[in-house]
Amino acid sequence: MGLAQTAFEVKSRTVRRRSGRFFDELLRAERLPRERIVELQAERAARIARFAAAHTDYYARTFAECGANLARLEDPEQWQRLPVVERAMVKEHRSEFVSSESTRRTAREAKTGGSSGEPLRLQQDARVPTLAHAWRMYRWWGVEPWDNLARVGRWGFGVADTLRTAVTWWPSRQIYLDAQLFDRTTMRAFHRAIVRTRPALIEGYVGAMLEFADFLEAEGLTIPTPRAIATTAAPLTENARHRLETVTGAPVYDEYRGSEINWMAAECRERSGLHVFADTRRIEILGPGGEPVPPGVVGDIVVTDLLNRVFPMIRYRVGDRGRFVEGECPCGVTLPMIAQPEGRTTDIVRLPSGRLINHGLMAMFADHPEAVRVFQIVQAADYSLRIRIVRGDDPRGEEHIERAVAKVRRRIDDEVPIAVEYVDHLPQTGGKTKYLISEITAGQAAE
C-alpha cells in the first residue's frame, strides 16, 4: 500500500470519516439488485419530498395545490402528481425554496455558470460529502480517489484555496487550469504540471479539453498517458471523443453533472450508456405532456436530488433531453442507464413551417468522427442554417461532411438553406462551447 492510499484511508476514518462512510455506502448500493435500487430510490424520493413540504414555503404551497397524497409518494402515480419545477420558478421564488434547515453551517452557496443566460443562484447541502460520488465514478475508470488528478474548468482559485487543497489532499496532487483564464501561457504551465505530477485522470469541460488538445498538437507537446479522460458541461460527441483519444492516448468517458444538482450519471468502462446515480438522484424522462416515456424514447430530463435538505430540488427540469437505456450493463454495476444527453431543450432548430428539430443533430457526423473535431450550428433570423466546422484529420473529411449535411437537408426537406463554414476554432464562454446558437427571436418562435 502506497503513501497516498494510506493517507486517504486514514483520513477517511478520521478527519474525513463522513466522506469515507458515504463512499462505502455508494459502493454497496451500486451492485444491489435492480428491484432494490428502485425501492430505495422511491423511499428516499418520498422522504425528501415530504421533508420539503414540511420545511419550505414553495413546496408546502405547490404540493397542497397538486392533490398528491404525500403519505403515498412511493407510488409512481402519486409521485407523478407532483409539479415539475422550472428554472424560472427557482429564480422567481428562490427564497421560498430555502428550507428551515438552511444555516451558515449547513448550506453552501452555488450558482450556474450562466453560459445560457443569467446565472441561477441556489444552495447545496454542506452536510452531504458529495465528492464521494466522484470517487465511485473514478473507480469505474480504473482511477482511485488517492490518485493524482488534473482538472480543467471554472475554478477561480486564489492562493488560500490552492494551499488548502494541497494540504487537504497531500500527498496526492490535484492541479487545475481555470477555463476562464485560458491562453497559451496558462496552458503551457498546465502542461508542465501534468508532466511533473503524471495524473491518472484529466477531467474538464468538453470545449476547454478540445482547446487544450489543439494546443498540445500545435506546440508538438505530449503528456504522460493518463488512465482516463473525463468530460462534462456539454454533450460529448463521437467527434470530440475521437479527437481527445487521438491526442492523449487515453479512453474518454462522459459524466453528467450540473451546478443545481452535481453528479447525476456517468459512463463506466463499457461506455454503452451512463449509469444513473439512482441511489442519490431520481432521473425521469418526460414527454411533451409531462408523462413518463418508455426506454429508448427521447424526452425532457427531470431530476430530484434525494439528499439536499437545505434547498430541495424536487422534479427539477434541468433543461436537457435524453432517454433511458434498457438492460443491465456487463460491468456488474446494476444502476440504471441513460444514453448520452442529446443537448439542451432550448437547442432547437426552428423551420418556417413550424417544425422543430431538437434532437439527433448532435450526432450528424458520428459515422466519421475523424472528419470533424468540433462543430456548431448557427441559425440566423431568416431561419437559414450555418454549420461551423473545425476539420479533423481524415483526408476524405470534406466528402464525409458533405454527405452528412446532405442527410440533414433531406431531413428538413430543404426547407431552409444550409451552408458549411470551415473555421480554425469555435468561440467559448468560460471554457464551454455552445452547441447551437439561434438568432430566432421570441416573437418568431411564438408564431
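Residue numbers (the working numbering): 218 to 664. Note that CB positions come from ideal geometry on N, CA and C, so glycine has one too.
Under three-state DSSP, which class holds residue i?
{"i": "His642", "result": "coil"}
{"i": "Phe399", "result": "coil"}
{"i": "Glu501", "result": "strand"}
{"i": "His459", "result": "helix"}
{"i": "Gln341", "result": "strand"}
{"i": "Val469", "result": "strand"}
{"i": "Asp537", "result": "strand"}
{"i": "His585", "result": "coil"}
{"i": "His310", "result": "coil"}
{"i": "Ala295", "result": "First, the amino acid is wrong: residue 295 is Gln here, not Ala. Here Gln295 sits in helix by DSSP."}
{"i": "Val591", "result": "strand"}
{"i": "Val633", "result": "coil"}
{"i": "Gln258", "result": "helix"}
{"i": "Met481", "result": "strand"}
{"i": "Met554", "result": "strand"}
{"i": "Ile411", "result": "helix"}
{"i": "Thr521", "result": "strand"}
{"i": "Ser332", "result": "Model confidence at Ser332 stands at a pLDDT of 49, short of 50, so the residue's coordinates are unreliable and nothing is read from them."}
{"i": "Leu573", "result": "strand"}
{"i": "Gly424", "result": "helix"}
{"i": "Val384", "result": "helix"}
{"i": "Arg177", "result": "The displayed coordinates of the chain run from 218 to 664. Any statement about residue 177 would go beyond what the structure contains."}
{"i": "Arg486", "result": "coil"}
Which residues mark the beginning and the end of the alpha helix (DSSP H) in which residue i is found?
{"i": "Ala417", "result": "Element bounds for Ala417: n/a, residue is neither H nor E."}
{"i": "Thr279", "result": "274–283"}
{"i": "Gly437", "result": "Here Gly437 belongs to no alpha helix (DSSP H), and DSSP marks it neither H nor E."}
{"i": "Ser236", "result": "234–246"}
{"i": "Arg390", "result": "It is not in any alpha helix (DSSP H) - Arg390 carries neither H nor E in the DSSP assignment."}
Which residues mark the beginning and the end of the beta strand (DSSP E) in which residue i is found?
{"i": "His617", "result": "Where His617 is concerned, there is no enclosing beta strand (DSSP E), although the alpha helix (DSSP H) it sits in stretches over 614–628."}
{"i": "Thr223", "result": "Here Thr223 belongs to no beta strand (DSSP E); instead the alpha helix (DSSP H) covers 220–230."}
{"i": "Lys328", "result": "324–328"}
{"i": "Ala351", "result": "Careful: Ala351 lies outside any beta strand (DSSP E), inside the alpha helix (DSSP H) at 348–357."}
{"i": "Ser603", "result": "Per the sequence shown, the amino acid found at residue 603 is Arg instead of Ser. Counting along the chain, the beta strand (DSSP E) containing Arg603 begins and ends at 602–608."}
{"i": "Arg368", "result": "366–370"}
{"i": "Ala447", "result": "445–449"}
{"i": "Leu249", "result": "No beta strand (DSSP E) holds Leu249; DSSP gives it neither H nor E."}
{"i": "Val493", "result": "491–493"}
{"i": "Leu653", "result": "653–655"}
Can you tell me the Cα-Cα spacing of residue i and residue j, whole angstroms?
{"i": "Trp358", "j": "Gln391", "result": "18 Å"}
{"i": "Glu501", "j": "Val519", "result": "5 Å"}
{"i": "Gly370", "j": "Ala288", "result": "42 Å"}
{"i": "Leu602", "j": "Asp584", "result": "21 Å"}
{"i": "Pro509", "j": "Glu247", "result": "24 Å"}
{"i": "Ser236", "j": "Ile265", "result": "21 Å"}
{"i": "Ala406", "j": "Gln397", "result": "15 Å"}
{"i": "Val637", "j": "Ala556", "result": "28 Å"}
{"i": "Arg233", "j": "Pro300", "result": "37 Å"}
{"i": "Arg245", "j": "Glu313", "result": "35 Å"}
{"i": "Leu257", "j": "Glu291", "result": "10 Å"}
{"i": "Pro362", "j": "Val514", "result": "35 Å"}
{"i": "Ser333", "j": "Val566", "result": "Confidence is the limiting factor: at Ser333 the pLDDT is only 49, short of 50, which leaves the residue's position unreliable and the question unanswerable from this model."}
{"i": "Glu242", "j": "Arg251", "result": "16 Å"}
{"i": "Gly609", "j": "Tyr639", "result": "11 Å"}
{"i": "Ala621", "j": "Glu615", "result": "10 Å"}
{"i": "Thr231", "j": "Gly490", "result": "36 Å"}
{"i": "Asp163", "j": "Leu433", "result": "Any question about residue 163 goes unanswered here, given that the chain covers just 218 to 664."}
{"i": "Pro644", "j": "Val527", "result": "37 Å"}
{"i": "Ile635", "j": "Glu587", "result": "22 Å"}
{"i": "Val307", "j": "Asp611", "result": "46 Å"}
{"i": "Val464", "j": "Asp630", "result": "38 Å"}
{"i": "Arg344", "j": "Arg238", "result": "13 Å"}
{"i": "Tyr355", "j": "Ala259", "result": "26 Å"}
At least one CB of chain B closer than 7 Å to the CB of residue i: is that the case?
{"i": "Ile411", "result": "Chain labels in this structure do not include chain B; a single protein chain is all it has."}
Output yes or no for whether 7 Å exceeds the beta carbon distance between residue i and residue j.
{"i": "Glu303", "j": "Arg534", "result": "yes"}
{"i": "Phe240", "j": "Trp352", "result": "yes"}
{"i": "Met481", "j": "Tyr473", "result": "yes"}
{"i": "Asp641", "j": "Asn525", "result": "no"}
{"i": "Met581", "j": "Glu559", "result": "no"}
{"i": "Ile419", "j": "Ile446", "result": "yes"}
{"i": "Glu632", "j": "Leu568", "result": "yes"}
{"i": "Ala467", "j": "Tyr422", "result": "no"}
{"i": "Tyr275", "j": "His310", "result": "yes"}
{"i": "Ala305", "j": "Ser476", "result": "no"}
{"i": "Phe280", "j": "Ala271", "result": "no"}
{"i": "Ile411", "j": "Ala383", "result": "no"}
{"i": "Thr347", "j": "Leu337", "result": "no"}
{"i": "Pro512", "j": "Phe541", "result": "yes"}
{"i": "Ala623", "j": "Pro388", "result": "no"}
Is it the case that the stretch 449–457 contacts the stretch 581–596, given that we only count it when at least three CB pairs across the two stretches are under 8 Å? yes
Should the stretch 413–424 be regarded as contacting the stretch 439–447, the criterion being three or more beta carbon pairs within less than 8 Å? yes
Segment contact flag, the stretch 540–550 with the stretch 316–328, C-beta cutoff 8 Å, min 3 pairs: no
Examine the Cβ distances between the stretch 265–278 and the stretch 519–532 and report whether three or more of them are shorter than 8 Å. yes
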